[in-house]
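Undergrad: If you want my numbering, it's the 1-based position in the sequence shown plus 7.
Have a look at the structure that comes next, please.
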Amino acid sequence: MAKVLIVDPYPLSSLGSETLLSQAGHRVVALADNGLDALELVRTAVPDLVVLDLDIPRLGGLDVIKRIAARKSSTVILVLTALPADVYEHLCITAGASDFVSKSDTLESFADAVKKVLAGKTCFHASALRQDPGSATPTEQLTAREVTVLHYLADGYRVKQIAGELAISDRTVSTYKTRLLEKTGTHSLVELLHVATQRGFLEGRADSDKNAVVSDQASALQFNALLDQIPFPICLRAADARILAANQAFLDYLGLTRHAVLDAKQCDIGVIDTEHLQFARETFNTAVAKQIPYMMVIAVRLHGERRVLKHSGYPVIDQGGELIGMLCTSIDIGEEQAQIEALREQLAYLAFVRDRRSTYLIEHADSLGRYLSNARSVVDGNERINALFDRMDESVQWLCEMVHLETGQIKLSPFSHNLNTLTRQTLQQLPSNDMPAHDFTSAHSNPWGWIDPKAYSSLIKALYLHLKHRGANLVSIRAESFEKDAGYIEWHLQVTASMTAAESLTAPVIYLSLASELSSLFEADLQITSDNEHAFEAQLRLTVPVATAAH
């Protein structure tokens, strides 16, 4: 009776082997479904026989055979797999197995192989034993580790994931992948899996290969669809400069079909001027070698015209750290310059319109002022009409101030002021008619600062007029000052008001607009956090140089 370890990722197959071995009088001491667990169980359970499937995850069957054989123990290995004998049998001999049985063989063949290997015999087909590695085809010269990496690639693993499974570096996995491409004469993963399947290395794994190809095709379609959504020309170029993908804008710009562009180099398309061709090659190759972005200015000839492009590329790296290619785009400098000129013309036109509007508004305001003055003289003595004229005159003045602010005609003229006193005087000088009451709380530090009193007063008046038209019944203003930086004061005003619902109206937009423009003039921060039919709340924060009362 022998102690047996079964290593098989397929539960039904593993159960069948266990049943046959138990009927033959052997004791199955452990089961494993991957290579790493198998090696650990060989060390702890010390079986006499390992029945091993080659197609296992986390290391691969050939690697497991090599590592068990390297222990030079009495454990013998019987390979039981669905992978083809004509491809894998001689690899199993080289790795150190004692026999090779196909899962398509009879039960008697398996039982006979178990007896022979436990008796110390090595049983392989004569063709496998006679095979000369020197006369083998390039594909048949694959090493055990290369076959393992091939199987991982067929299962859709990335380079970094394979490195983690095999406990080796990413660079080593990349080297194995490169060797596989060289030995099979292929240039991409899809080609490699196709050739490997044709030559038997992935036989029995055709579904995995097909799924990988379908997955790659689906990813390619998704990538191309994403590229086509980009409105400017863009393409993906391989490390050897071949165009792997291009969006419709790129094809339209060149005036070529996708068939003519894909898998061709830009120099083959014949658009780059010969004088720039060598420079373009060297710049691209250097960026590929260092995996860094690049930018160059090149001349091209399109539709019989010479154009100058700003061409740039950015490296695209996969999860394993390998370069997929360079994502490249080009900007026609001539078109770019034309767009800039068009924008300049539009800006100049807008400036002209703004200046003409401002001139019209100022002239119209002056005319209204004269009309109001003449009207006052006609109705002299009528207080109600004069009050109406006062309000009209005030609106005209605010409109003029807004225009002057927009056109930059108002400049700050700071003077030394006590900020508490200036704020209180501004509130006291507000017109008394229909103005809401106010409650002003001074800052404790009684600060002095350099400030333009007229612009500051206008700012507070604009806020107050907005509140008047909104139906405020009491306006509370609380002042605070801070000396955070040497020589400067931060002056904060917290403005709150409650509204009388019956009187709450929609205020003209000009007052808040004017307050915002005046805040910008002071380089201050005006934040309105609440402005509705129930309440108003705003914070004004401005910074002024420190002044003294002596100035």
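Note that the Cβ used here is the ideal one computed from N, Cα and C, for glycine as well.
Predicted model only: the values in this text are computed from it and were never measured.
With C-beta atoms as the reference, is alanine 151 less than 8 Å away from leucine 209?
TA: Within the sequence shown, the letter at position 144 stands for residue 151. Within the sequence shown, the letter at position 202 stands for residue 209. No.
Undergrad: With DSSP as the reference, please indicate the residues paired to tryptophan 405 in a beta bridge.
TA: To locate residue 405, count along the sequence shown from 1; it is residue 398. DSSP lists no partner for tryptophan 405.
Undergrad: So tyrosine 95 and leucine 61 are in contact, right, with Cβ under 8 Å, and what is the actual spacing, rounded?
TA: Locating residue 95 in the sequence shown gives position 88, counting from the first residue. Locating residue 61 in the sequence shown gives position 54, counting from the first residue. Right, the Cβ-Cβ distance comes to about 6 Å (below 8 Å), so this counts as a contact.
Undergrad: Measuring CB atoms only, is the region 81-91 touching the region 37-48, in the sense that at least three cross pairs come out at less than 8 Å?
TA: They do not touch, by the three-pair rule.
Undergrad: Roughly how many whole angstroms lie between the Cα atoms of arginine 383 and aspartate 446?
TA: By 1-based counting over the sequence shown, the position of residue 383 is 376. By 1-based counting over the sequence shown, the position of residue 446 is 439. Their backbone Cα atoms lie some 35 Å apart in a straight line.
Undergrad: Go through its chain and collect everything with a Cβ distance to arginine 485's Cβ below 7 Å, but skip five positions before and after it.
TA: Residue 485 sits at position 478 when you count from the first residue of the sequence shown. Excluding sequence neighbours, arginine 485 sits near Thr448, Gln501.
Undergrad: By DSSP, does lysine 418 sit in helix, in strand, or in coil?
TA: On the sequence shown, position 411 is the one that residue 418 refers to. Correct three-state label for lysine 418: coil.
Undergrad: Please classify alanine 296 as buried or exposed, where buried requires at least 16 neighbouring CB atoms within 10 angstroms.
TA: Looking up residue 296 in the sequence shown gives position 289. Exposed: under 16 other Cβ atoms inside 10 Å.
Undergrad: Once DSSP output is grouped into helix, strand and coil, what is the label at leucine 547?
TA: In the sequence shown, residue 547 corresponds to position 540, counting from 1. Strand at leucine 547.
Undergrad: For glycine 415, count neighbouring Cβ atoms within 10 angstroms of its own Cβ and tell me buried if that reaches 16, exposed if not.
TA: Looking up residue 415 in the sequence shown gives position 408. Exposed: under 16 other Cβ atoms inside 10 Å.
Undergrad: Let me know the secondary structure DSSP gives valine 53 once reduced to three states.
TA: Counted from its first residue, the sequence shown places residue 53 at position 46. Valine 53 falls in the coil class under three-state DSSP.
Undergrad: According to DSSP, what are the bridge partners of methionine 399?
TA: Residue mapping note: residue 399 aligns to position 392 of the sequence shown, counting from 1. Paired residue(s): none; methionine 399 is not in a bridge.
Undergrad: Distance, Cα to Cα, leucine 350 vs leucine 334?
TA: Taking the first residue of the sequence shown as position 1, residue 350 is located at position 343. Taking the first residue of the sequence shown as position 1, residue 334 is located at position 327. In a straight line, the C-alpha of leucine 350 is about 29 Å away from that of leucine 334.
Undergrad: Kindly list the residues whose CB is nearer than 6 Å to the CB of threonine 144, restricted to its own chain and excluding five residues on each side of it in sequence; keep chain order.
TA: Position 137 of the sequence shown, counted from the first residue, corresponds to residue 144. Residue placement at threonine 144 is poorly supported in this model, since its pLDDT is 47, which falls under 50; the coordinates are not used for a value here.
Undergrad: Run through DSSP, which three-state label would alanine 219 get?
TA: By one-based count along the sequence shown, residue 219 stands at place 212. Caution applies to alanine 219, whose pLDDT of 45 falls short of 50 and renders its modelled position unreliable; the model cannot decide the point.
Undergrad: Going by C-alpha to C-alpha distance, which of Ala479, Gln436, Leu395, Phe422 sits closest to alanine 556?
TA: What you label residue 556 is simply residue 549 of the sequence shown in a count that begins at 1. That would be Phe422, whose Cα lies nearest to the Cα of alanine 556.
Undergrad: Nearest to leucine 261 by CA position, among Leu251, Ile299, Gly311, is which residue?
TA: For the purposes of this step, residue 261 is identified with residue 254 of the sequence shown, where counting begins at 1. Among Leu251, Ile299, Gly311, the Cα nearest to that of leucine 261 is on Gly311.
Undergrad: With distances taken Cα to Cα, identify the nearest neighbour of serine 80 among Met442, Ala522, Ala104, Pro238.
TA: Looking up residue 80 in the sequence shown gives position 73. If we check each option's Cα against that of serine 80, Ala104 comes out closest.
Undergrad: When the distance is taken between beta carbons, is glutamate 544 closer than 8 Å to methionine 506?
TA: Against the sequence shown, residue 506 aligns to sequence position 499. Against the sequence shown, residue 544 aligns to sequence position 537. Against a cut-off of 8 Å, the Cβ pair of glutamate 544 and methionine 506 comes out as no contact.
Undergrad: Residue range of the beta strand (DSSP E) that lysine 317 falls in?
TA: Numbered from 1 along the sequence shown, position 310 holds the residue referred to as residue 317. Unbroken beta strand (DSSP E) run through lysine 317: 312-324.
Undergrad: For threonine 82 and chain C, any beta-carbon pair shorter than 8 Å?
TA: Protein chains in the displayed structure number just one, and chain C is not present.
Undergrad: Which residues in the same chain have their Cβ closer than 7 Å to the Cβ of glutamine 255, if we skip the five residues on either side of it in sequence?
TA: Residue mapping note: residue 255 aligns to position 248 of the sequence shown, counting from 1. Result list for glutamine 255: Asp235, in chain order.
Undergrad: What does DSSP give as the partner residue(s) for tyrosine 495 in the beta ladder?
TA: Locating residue 495 in the sequence shown gives position 488, where the first residue counts as 1. Partner(s): Pro552.
Undergrad: Helix, strand or coil: which one does DSSP assign to lysine 475?
TA: Counted from its first residue, the sequence shown places residue 475 at position 468. Reduced to three states, the DSSP call for lysine 475 is helix.
Undergrad: In this structure, does DSSP put aspartate 339 in helix, strand or coil?
TA: Sequence index remark: in the sequence shown, residue 339 carries index 332 (1-based). Three-state DSSP puts aspartate 339 in a strand.
Undergrad: Throw me the rounded Cβ distance for the valine 11 and valine 36 pair, which I believe falls under 8 Å.
TA: The residue you call residue 11 lines up with position 4 of the sequence shown. The residue you call residue 36 lines up with position 29 of the sequence shown. Valine 11 to valine 36, Cβ: 7 Å. Contact.
Undergrad: With DSSP run on the structure shown, which of helix, strand or coil describes histidine 266?
TA: In the sequence shown, residue 266 corresponds to position 259, counting from 1. Here histidine 266 sits in helix by DSSP.
Undergrad: Who does phenylalanine 489 pair with in a DSSP beta bridge?
TA: Here residue 489 is taken as the residue at index 482 of the sequence shown, counted from 1. Note: phenylalanine 489 sits in a beta bridge opposite Glu497.
Undergrad: Across which residues does DSSP place glycine 332 in a beta bridge pair?
TA: Mapped onto the sequence shown, residue 332 falls at position 325. In DSSP, glycine 332 forms a bridge with Val323.
Undergrad: In this structure, does DSSP put histidine 424 in helix, strand or coil?
TA: The sequence position of residue 424 within the sequence shown is 417, counting from 1. Strand, per DSSP.
Undergrad: Our contact map puts glutamate 172 next to leucine 66 with C-beta atoms below 8 Å; I'd like the distance itself, whole angstroms only.
TA: For the purposes of this step, residue 172 is identified with residue 165 of the sequence shown, where counting begins at 1. For the purposes of this step, residue 66 is identified with residue 59 of the sequence shown, where counting begins at 1. Their Cβ separation, rounded to whole angstroms, is 7 Å, which keeps glutamate 172 and leucine 66 in contact under 8 Å.
Undergrad: From this set, Ala120, Lys110, Thr129, Leu114, which residue's C-alpha is nearest arginine 101's C-alpha?
TA: Position 94 of the sequence shown holds residue 101. The sequence given here places threonine at residue 101; arginine does not occur at that position. When each option's Cα is compared against that of threonine 101, the closest is Thr129.
Undergrad: Could you name the residues that DSSP lists as bridge partners for threonine 503?
TA: Residue numbering aside, residue 503 sits at position 496 when the sequence shown is read from its first letter. Looking at the DSSP assignment, threonine 503 forms a beta bridge with Ser483, Glu544.
Undergrad: Looking at valine 202 and lysine 184, is the spacing between their C-beta atoms short of 8 Å?
TA: Within the sequence shown, numbered from 1, the residue matching residue 184 stands at position 177. Within the sequence shown, numbered from 1, the residue matching residue 202 stands at position 195. No, the pair does not count as a contact, with Cβ atoms beyond the cut-off.
Undergrad: According to DSSP, simplified to helix, strand and coil, what is valine 386?
TA: Taking the sequence shown and counting its residues from 1, one reaches residue 386 at position 379. Three-state result, valine 386: coil.
Undergrad: Buried or exposed: which applies to leucine 28, given that a residue is buried once 16 or more other Cβ atoms fall within 10 Å of its Cβ?
TA: As a first step, residue 28 must be located in the sequence shown, where it is residue number 21. Buried, by the Cβ-count rule.
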